[in-house]
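2 protein chains.
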Amino acid sequence: MIAEIISIGDELLTGQKVNTNARLICSELAGAGVGVKRIIVCSDSEEAITGQIADSLGRSDIVLVTGGLGPTRDDRTRQAVKAFLKRELVLDKGVYARTIERYRSSGREPAAYLEQNAMVIDGAMVIPNEKGLAPGMIITCDDEFRERFLVLMPGVPQEMEAMIQSTVVPFFTDRSGTVIVHSHIKATGIGETGFADIIHDIEDNLPDGTSLAYLPHAAGVNLRVSSIGNDKQGVEKDNRDVVESIVGAAEEFVFATADISLEECIGGMLQTRGLRIAVAESCTGGLIASRLTDISGSSRYFEQGYVVYSNESKERNLGVRQVTLETYGAVSEEVAAEMAEGCLLKAGADIAVSSTGIAGPDGGTEQKPVGMVCLGLACRKDNGSVDSYTTTFSTNGDRLRNKIRFSEAALRMVWKKLKSLPAQG
Amino acid sequence: MIAEIISIGDELLTGQKVNTNARLICSELAGAGVGVKRIIVCSDSEEAITGQIADSLGRSDIVLVTGGLGPTRDDRTRQAVKAFLKRELVLDKGVYARTIERYRSSGREPAAYLEQNAMVIDGAMVIPNEKGLAPGMIITCDDEFRERFLVLMPGVPQEMEAMIQSTVVPFFTDRSGTVIVHSHIKATGIGETGFADIIHDIEDNLPDGTSLAYLPHAAGVNLRVSSIGNDKQGVEKDNRDVVESIVGAAEEFVFATADISLEECIGGMLQTRGLRIAVAESCTGGLIASRLTDISGSSRYFEQGYVVYSNESKERNLGVRQVTLETYGAVSEEVAAEMAEGCLLKAGADIAVSSTGIAGPDGGTEQKPVGMVCLGLACRKDNGSVDSYTTTFSTNGDRLRNKIRFSEAALRMVWKKLKSLPAQG
Numbered sequence: 000m001i002a003e004i005i006s007i008g009d010e011l012l013t014g015q016k017v018n019t020n021a022r023l024i025c026s027e028l029a030g031a032g033v034g035v036k037r038i039i040v041c042s043d044s045e046e047a048i049t050g051q052i053a054d055s056l057g058r059s060d061i062v063l064v065t066g067g068l069g070p071t072r073d074d075r076t077r078q079a080v081k082a083f084l085k086r087e088l089v090l091d092k093g094v095y096a097r098t099i100e101r102y103r104s105s106g107r108e109p110a111a112y113l114e115q116n117a118m119v120i121d122g123a124m125v126i127p128n129e130k131g132l133a134p135g136m137i138i139t140c141d142d143e144f145r146e147r148f149l150v151l152m153p154g155v156p157q158e159m160e161a162m163i164q165s166t167v168v169p170f171f172t173d174r175s176g177t178v179i180v181h182s183h184i185k186a187t188g189i190g191e192t193g194f195a196d197i198i199h200d201i202e203d204n205l206p207d208g209t210s211l212a213y214l215p216h217a218a219g220v221n222l223r224v225s226s227i228g229n230d231k232q233g234v235e236k237d238n239r240d241v242v243e244s245i246v247g248a249a250e251e252f253v254f255a256t257a258d259i260s261l262e263e264c265i266g267g268m269l270q271t272r273g274l275r276i277a278v279a280e281s282c283t284g285g286l287i288a289s290r291l292t293d294i295s296g297s298s299r300y301f302e303q304g305y306v307v308y309s310n311e312s313k314e315r316n317l318g319v320r321q322v323t324l325e326t327y328g329a330v331s332e333e334v335a336a337e338m339a340e341g342c343l344l345k346a347g348a349d350i351a352v353s354s355t356g357i358a359g360p361d362g363g364t365e366q367k368p369v370g371m372v373c374l375g376l377a378c379r380k381d382n383g384s385v386d387s388y389t390t391t392f393s394t395n396g397d398r399l400r401n402k403i404r405f406s407e408a409a410l411r412m413v414w415k416k417l418k419s420l421p422a423q424g
Numbered sequence: 000m001i002a003e004i005i006s007i008g009d010e011l012l013t014g015q016k017v018n019t020n021a022r023l024i025c026s027e028l029a030g031a032g033v034g035v036k037r038i039i040v041c042s043d044s045e046e047a048i049t050g051q052i053a054d055s056l057g058r059s060d061i062v063l064v065t066g067g068l069g070p071t072r073d074d075r076t077r078q079a080v081k082a083f084l085k086r087e088l089v090l091d092k093g094v095y096a097r098t099i100e101r102y103r104s105s106g107r108e109p110a111a112y113l114e115q116n117a118m119v120i121d122g123a124m125v126i127p128n129e130k131g132l133a134p135g136m137i138i139t140c141d142d143e144f145r146e147r148f149l150v151l152m153p154g155v156p157q158e159m160e161a162m163i164q165s166t167v168v169p170f171f172t173d174r175s176g177t178v179i180v181h182s183h184i185k186a187t188g189i190g191e192t193g194f195a196d197i198i199h200d201i202e203d204n205l206p207d208g209t210s211l212a213y214l215p216h217a218a219g220v221n222l223r224v225s226s227i228g229n230d231k232q233g234v235e236k237d238n239r240d241v242v243e244s245i246v247g248a249a250e251e252f253v254f255a256t257a258d259i260s261l262e263e264c265i266g267g268m269l270q271t272r273g274l275r276i277a278v279a280e281s282c283t284g285g286l287i288a289s290r291l292t293d294i295s296g297s298s299r300y301f302e303q304g305y306v307v308y309s310n311e312s313k314e315r316n317l318g319v320r321q322v323t324l325e326t327y328g329a330v331s332e333e334v335a336a337e338m339a340e341g342c343l344l345k346a347g348a349d350i351a352v353s354s355t356g357i358a359g360p361d362g363g364t365e366q367k368p369v370g371m372v373c374l375g376l377a378c379r380k381d382n383g384s385v386d387s388y389t390t391t392f393s394t395n396g397d398r399l400r401n402k403i404r405f406s407e408a409a410l411r412m413v414w415k416k417l418k419s420l421p422a423q424g
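In order, the protein sequence lines correspond to chains A and B.
For the first sequence, counting from 1, position 382 maps to 381 in numbering that gives the first Met the number 0; every step adds exactly one.
For the second sequence, counting from 1, position 199 maps to 198 in numbering that gives the first Met the number 0; every step adds exactly one.
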């Protein structure tokens, strides 16, 4: 089944509010095998609402309307639907009794508008409002829109969320013939277009009902693989096959086939390997540490971080040698290596990563342009000695994008090293 | 003038992404005296895009389309517009040269798709993309849609944001023949509603043509004051008067009357006072240091940062005493104070700020719930001794929001202290 969402409310058209309701409805319906084809935000006017409902019902099996159900004067949805469907508004005694009772139990005098609040479209299936006053409705249309459904819900997010989960999704899951499966492929170290080149042939030969979507991302590629059809097993197999062939073709870039971040992936790998990480940052200024500690439970594997901007603090905290700084400059693989090694030893960690570069916009030179970063990685070996590696990475964003891409390149270096180490037990 | 927004992208219809672009466009256009009447999200298919553009152009003076401009195959906007307007795609030599140059300067080989990326609708005014590859376009339609405008922008938020501010809003402001003045008021430590209460009377008595827009923000309030009219001096005076009265009413929360961040404001204050700052972070995991170093030139005042998660690293790096950790627990003002003092001395800085708290979702207790953070501030006095202050801040978001709000509270503590210190020369 195909659905459209109509979100009503001027606050969504003036930039005061973001339409988070539509996002929630979309993901809930996807799970019910209902695909949303359009989301329309329109103003509170009765005329706009009626016209939009007519358009949308003409194109879809289900039209979900949020907002404009309250008892205040700018809530026009009930009236618009009444006029459009040529049905009466009738008092729902159950809703009325519950709201009166709720007022009494909270020691408030029942307000006059509670009766108006309990008026519903004749013949509608009422959706109880667990979190607020205005009831929702599922209306089965007739005449030219026979067999099509009109769903009315309040615009208050928590009221709408409770209704869609408790009543709307179960109602349509029962009726929906189709199955939709989404999978995620997360890649790093490659852009959208580069990735598209690699999987060109696969993309040209997708099974019917399966599609790819590239979701933009500051420092990598998020790919969504969606399959739709009537046969659950067939849909799942198509989806699985496509995911497998894409992962096979782009193995060196793919870090996950779930919707997780690179830092979350690294956190899991550190734990399965029983390793603790430390970070020494110059140009990334704490961003690598902050990303690693964005993950709940990161205290289990994050030992500590140093943000060392000045040469002095690199020497003082990490034991970077003055001669190295003077000979090669602060932005050099030599300094990155000493930062990582010093960090590993000072923090007593098992693996350490370092960054020193030029985030910009100033400070670039011919040999060391803005957007260049030198990265170091140090690892403790079983015999106690230290392995270290370095690399240089270049990009061309503004300061903030450079910091994000630098941190992504550093995390990538850690991820690649961890892949080469065996997981325990 | 009346506008509609068409947001293209299946990721908006599957619940993957929330449509923040539309909100930004609405508030920017409102400032330009353009009212948005509808927002439509539709899928990547060429047919859906073409049909929607026809509908929307039939109803509005301006139709803004975001998304589907990249060079990958699920980016269909260019083709749809080409077919709909019956115009050719032509190579924009300027865009092509700039992207080639950008690739070269970052040491990458220009990719084949750069040519396709530089193809624009014949006759379109090109909007340069400062933050990415795909150019935007402002197209003046003809025939049945004469005098109506079609604006194409990428879906990547920061690329779209730069385009609408640098080119699109000025373009339509000029055409509307009116004068528009925007001012920004940046406040921290107070929510949207709390701020609205404070300026209630001012908001009720705004001069004609002046409007306020609250722009959502994770840890404070961004208020835009827009004044529109025909008489330049009158418009400027109205705007200035409103800004002054708001700042007067909310002085303790307002850190800037320009569109700058709190970290940028603090950077300026540190420089005018000739002070260097250091940071000691537990629960914020490097975010405070990362925010301070997001500012270009921060090496002039950022001394260094410690990310100390474990008790051991707090003792080892900052000299926090074991007895303090055992007596009061790691999350306590006592530990926050020793962290800040130790950080100040170890780093040899003039001012130091520290954080220790529970970002969640786990680790909370009755006495120390998730969302609670203890902050410390240490300052070197002229006689060499150290002043220190502590405070406890509580909020209730998810882990990432808590980290942002914790870091904001820490920066706020620094800002308030700096306000009390005299600027030099």
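Don't be surprised by glycine CBs; every beta carbon is placed ideally from N, CA and C.
Status (buried if at least 16 other CB within 10 Å, exposed otherwise) for residue i
{"i": "Leu-399/B", "result": "exposed"}
{"i": "Ala-422/B", "result": "exposed"}
{"i": "Lys-322/B", "result": "In the sequence as displayed, the identity of residue 322/B is Val instead of Lys. Classification for Val-322/B: exposed."}
{"i": "Leu-417/B", "result": "buried"}
{"i": "Asn-238/B", "result": "buried"}
{"i": "Val-155/A", "result": "buried"}
{"i": "Tyr-112/A", "result": "exposed"}
{"i": "Val-119/B", "result": "buried"}
Contact under 8 angstroms by Cβ, residue i with residue j
{"i": "Gly-375/B", "j": "Ala-336/B", "result": "yes"}
{"i": "Cys-373/B", "j": "Val-330/B", "result": "yes"}
{"i": "Gly-208/A", "j": "Gly-228/A", "result": "yes"}
{"i": "Leu-269/B", "j": "Ile-259/B", "result": "no"}
{"i": "Gln-15/A", "j": "Glu-45/A", "result": "no"}
{"i": "Ser-55/A", "j": "Ile-5/A", "result": "yes"}
{"i": "Val-234/B", "j": "Val-180/B", "result": "yes"}
{"i": "Val-35/A", "j": "Glu-3/A", "result": "yes"}
{"i": "Gly-285/B", "j": "Ser-289/A", "result": "yes"}
{"i": "Gly-69/B", "j": "Arg-75/B", "result": "no"}
{"i": "Ile-24/A", "j": "Leu-63/A", "result": "yes"}
{"i": "Arg-145/A", "j": "Asp-121/A", "result": "no"}
Residue i - containing beta strand (DSSP E), residue span
{"i": "Ala-2/B", "result": "1 to 7"}
{"i": "Ala-186/B", "result": "178 to 187"}
{"i": "Cys-373/B", "result": "371 to 379"}
{"i": "Lys-425/B", "result": "Here chain B has residues from 0 to 424 only, and residue 425/B is not among them."}
{"i": "Ala-277/B", "result": "276 to 280"}
{"i": "Gly-219/A", "result": "219 to 228"}
Supposed contact pair residue j and residue i - C-beta distance, whole angstroms, cut 8 angstroms
{"i": "Gly-304/B", "j": "Val-278/B", "result": "4 angstroms"}
{"i": "Thr-391/B", "j": "Met-371/B", "result": "7 angstroms"}
{"i": "Phe-252/B", "j": "Leu-261/B", "result": "About 11 angstroms; that fails the 8 angstroms criterion."}
{"i": "Ile-7/A", "j": "Ile-48/A", "result": "6 angstroms"}
{"i": "Ile-184/A", "j": "Leu-222/A", "result": "4 angstroms"}
{"i": "Asp-405/A", "j": "Ser-354/A", "result": "Position check: residue 405/A holds Phe in this sequence, whereas Asp was assumed. 6 angstroms between Cβ atoms; contact."}
{"i": "Ala-377/A", "j": "Leu-343/A", "result": "4 angstroms"}
{"i": "Ile-38/A", "j": "Val-150/A", "result": "Between Val-150/A and Ile-38/A the Cβ distance is about 14 angstroms, and since that is not below 8 angstroms, they are no contact."}
Alpha helix (DSSP H) segment containing residue i, residue limits
{"i": "Gln-270/B", "result": "261 to 271"}
{"i": "Cys-342/B", "result": "332 to 346"}
{"i": "Thr-319/A", "result": "The amino acid at residue 319/A is misidentified as Thr; the sequence shows Val. From DSSP, Val-319/A is part of no alpha helix (DSSP H); its letter is neither H nor E."}
{"i": "Asp-173/B", "result": "168 to 174"}
{"i": "Gly-57/A", "result": "45 to 58"}
{"i": "Glu-302/A", "result": "Per DSSP, Glu-302/A belongs to no alpha helix (DSSP H); it is in the beta strand (DSSP E), 301 to 307."}
Closer than 8 angstroms at the beta carbon, the chain E residues around residue i
{"i": "Gln-303/A", "result": "Note that chain E does not occur in the displayed structure, where the protein chains are A and B."}
Query raised in the report: Of all the residues that make up the segment 33 to 53 of chain A, which are near chain B by a beta-carbon distance shorter than 9 angstroms?
Result: Gly-34, Val-35, Lys-36, Arg-37, Ile-38, Ile-39, Val-40, Cys-41, Ser-42, Ala-47 and Gln-51
**Residues of the segment 223 to 240 of chain A whose Cβ lies closer than 9 angstroms to any Cβ of chain B, in chain order** = Arg-223 and Ser-225
Can you pull out the residues from the segment 284 to 295 of chain A whose beta carbon lies closer than 9 angstroms to at least one beta carbon of chain B? Gly-284, Gly-285, Leu-286, Ile-287, Ala-288, Ser-289, Arg-290, Leu-291, Thr-292, Asp-293, Ile-294 and Ser-295
Taking only beta carbons into account, state which residues of the segment 360 to 389 of chain A come closer than 8 angstroms to chain B, listed in chain order. Pro-360, Asp-361, Pro-368 and Gly-370
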